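Participant:
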Amino acid sequence: MAIQKRFPVQHADVFPAGAWLVGAVEPVSDFNAPARPDGSRPQQLDKDTGLPLWSVPVLDADEQAGKRDKTITVKIAATHQPVPPSNDTPFPFTAIEFVGLTALPWVDDSGSRPRIAWSFKADALAAPGAGRKTPPTAEKAA
1 MAIQKRFPVQ HADVFPAGAW LVGAVEPVSD FNAPARPDGS RPQQLDKDTG LPLWSVPVLD
61 ADEQAGKRDK TITVKIAATH QPVPPSNDTP FPFTAIEFVG LTALPWVDDS GSRPRIAWSF
121 KADALAAPGA GRKTPPTAEK AA
């Protein structure tokens, strides 16, 4: 089968009206690991890369997004805490774009009816449009 667990998706396909950072980028706690002596939990590591995982809370600006899907968390596997782009607007939320976004469907059976939910992971976050820039191609010598 061509589609394995996670599959790549474009940021614009998942967030057609944009995504807005609504909280701090924070480490993901590993609740399967034993607690440290001070009671804190170690940071969860990505199963594929072994890199630390960071959670990014975002607001989906799509008017048709359901109540459960309006605010979601996207995880980023990175050695250092991802730094969001600066917010130069008077608004409290920062517009962002995810680079290298992947999706994983799963069954959420926590409500009265099971439903398909999505888990998202990205390689990085950037200012809108910055993640799509490609380096210019070298001009051929005449």
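The opening position of the sequence shown corresponds to residue 1 in full-length UniProt numbering, with each subsequent residue numbered one higher.
Think of the CB as a built atom: it goes at the ideal place given N, C-alpha and C, for glycine as much as any other residue.
Note that the structure is a prediction, hence the values are computed from the model and not measured.
With H, G and I counted as helix, E and B as strand and the rest as coil, what does DSSP make of A122?
Facilitator: By 1-based counting over the sequence shown, the position of residue 122 is 122. It is a strand residue.
Participant: Hey, quick one: how far does the alpha helix (DSSP H) through K14 stretch, first residue to last?
Facilitator: To locate residue 14, count along the sequence shown from 1; it is residue 14. Here residue 14 is Val; the residue named in the question, Lys, does not match the sequence. Its alpha helix (DSSP H) spans residues 11-14.
Participant: Contact check, V9 vs A103 under 8 Å by CB: the rounded distance?
Facilitator: Here residue 9 refers to the residue found at position 9 when the sequence shown is read from its first residue. Here residue 103 refers to the residue found at position 103 when the sequence shown is read from its first residue. Yes, they are in contact, since the Cβ atoms of V9 and A103 sit about 5 Å apart, within 8 Å.
Participant: Near D46, which residues of its chain fall below 6 Å by C-beta distance, leaving aside the five closest residues on each side in sequence?
Facilitator: Within the sequence shown, numbered from 1, the residue matching residue 46 stands at position 46. Excluding residues within five positions, the ones whose Cβ falls inside 6 Å are L53, A77.
Participant: Below 9 Å between beta carbons: does that hold for W20 and T94?
Facilitator: The sequence position of residue 20 within the sequence shown is 20, counting from 1. The sequence position of residue 94 within the sequence shown is 94, counting from 1. Yes. Within cutoff.
Participant: Exposed or buried, which one is H11 when buried takes at least 16 other CB atoms within 10 Å?
Facilitator: For this step, residue 11 is matched to residue 11 along the sequence shown. Per the 10 Å Cβ criterion, buried.
Participant: Answer with buried or exposed for V83, where buried requires no fewer than 16 other C-beta atoms within 10 angstroms of its C-beta.
Facilitator: For the purposes of this step, residue 83 is identified with residue 83 of the sequence shown, where counting begins at 1. V83 is exposed by the Cβ-count criterion.
Participant: Only counting the same chain, and skipping five residues up and downstream in sequence, which positions put a Cβ closer than 6 Å to that of residue 143?
Facilitator: Outside the displayed range of the chain (1 to 142) lies residue 143, so it cannot be described from this structure.
Participant: Please work out which residues of its chain come closer than 6 Å, Cβ to Cβ, to L59, disregarding the five sequence neighbours upstream and downstream, and give them in chain order.
Facilitator: Within the sequence shown, residue 59 is the residue found at index 59, counting from 1. So the list reads W20, V22, T71, once near-sequence residues are dropped.
Participant: Rounded to whole angstroms, what's the CA-CA distance from L125 to D13? Just pull it up for me.
Facilitator: For the purposes of this step, residue 125 is identified with residue 125 of the sequence shown, where counting begins at 1. For the purposes of this step, residue 13 is identified with residue 13 of the sequence shown, where counting begins at 1. Approximately 16 Å, taken between the alpha carbons.
Participant: Near L51, what residues of its chain come up, given a Cβ to Cβ distance below 8 Å and the 5 sequence neighbours on each side ignored?
Facilitator: Counted from its first residue, the sequence shown places residue 51 at position 51. Hits under 8 Å: L45, A77, A78, T79.
Participant: Note the first and the last residue of the continuous beta strand (DSSP E) segment covering L51.
Facilitator: On the sequence shown, position 51 is the one that residue 51 refers to. First-last for L51: undefined, no H or E at that position.
Participant: By DSSP, does A130 sit in helix, in strand, or in coil?
Facilitator: Residue mapping note: residue 130 aligns to position 130 of the sequence shown, counting from 1. Three-state result, A130: helix.
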